[in-house]
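Enquirer:
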Amino acid sequence: MEMLPLRVAAVAIFAVTAFDGARGQGSASMPNAVQGFAQNRDQPVRIESAVLEMRDRKKEATFSGSVKVVQGDTTMTSRTLVAFYEGKPAQPTVPSGGAKGTKGAPMPSATPGPGGSSSIKRLEAKGNVVVTQKDQVVTGETAIFDTRANLITMLGGVVLTQCQNVVRGDRLRVDMTTGVSRVESDSGKVQVLMVQDQSCGGTPAAANPVSPRQPPPSHQNQDKSMH
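Heads up: the sequence shown begins at 681 in my numbering, then just goes up one per residue.
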């Protein structure tokens, strides 16, 4: 029996988990980009944005304008990021030079999961959310980090890619305690594309367009080569 490549096998297992999860079958998970936040939970979090607005009465901190979150080898970009907290929020360190934005500002309390600060209850990223870890990418419209439940949920036309493997659904739920990922679809059908014998060299294949076919040599060129 021919063995599937590792990446393809991972997608297949992920699909089985998604379809059979309602019946309690399958506990394996696909290593997707969102899992990077669980794997790097002990790493500091750096948030870059054009504007940071603090609302002490509402216990909210809103980052807006080209938001970029980096934790270890995992990166998330979005239009906005809202942190809901208890007590006093962690004060980001503003870079020298009087910069108005929060570029490079460390915010360790934003670390999701048990490794982070207990002051952060919830994080919500909205607007063209893209999570990247090495050759894996997850896209959606909203990402919600529930630090108490240790759960990450992505909503809105979720697409997971790794090289040429693709999984599409309406929701992605990642349990950072168990490591199980689950894709759900409102139509009841999660779309999965598996490509065998692929090699993307650490870059998603979708980002590299296929080169057009070269036209066959003309008879004139063939005659010259014969002489």
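Just so it is clear, CB atoms sit at the ideal spot from N, CA and C, and this is done for glycine as well.
Starting from the C-beta of residue 757, find all residues in its chain whose C-beta is less than 6 Å away, skip the five residues before and the five after it, and write them out in chain order.
Expert: 748 and 810
Enquirer: Please classify residue 861 as buried or exposed, where buried requires at least 16 neighbouring CB atoms within 10 angstroms.
Expert: Label assigned to residue 861: buried.
Enquirer: Could you check whether residue 743 and residue 727 sit closer than 8 Å to each other, using their CB atoms as the reference points?
Expert: Against a cut-off of 8 Å, the Cβ pair of residue 743 and residue 727 comes out as a contact.
Enquirer: Since I believe residue 763 is in contact with residue 741 (beta carbons under 8 Å), could you give me their beta-carbon distance rounded to a whole number of angstroms?
Expert: That belief holds up - the Cβ atoms of residue 741 and residue 763 are roughly 4 Å apart, short of 8 Å.
Enquirer: CB residue 805 to CB residue 761, shorter than 8 Å?
Expert: The Cβ atoms of residue 805 and residue 761 sit closer than 8 Å to each other.
Enquirer: Just verifying my parser: in three-state terms, what is the DSSP assignment at residue 807?
Expert: For residue 807, the secondary structure class from DSSP, reduced to helix, strand or coil, is strand.
Enquirer: Please report the straight-line C-alpha distance between residue 714 and residue 825, rounded to a whole angstrom.
Expert: 10 Å
Enquirer: Excluding sequence positions up to five away, which residues of its chain have a Cβ less than 8 Å from the Cβ of residue 765?
Expert: 739, 740, 741, 789, 799, 800 and 801
Enquirer: Based on DSSP bridge pairs, tell me the residues matched to residue 834.
Expert: 823 and 852
Enquirer: Specify, as a first and last residue, the run of the beta strand (DSSP E) that residue 751 falls within.
Expert: 740-751
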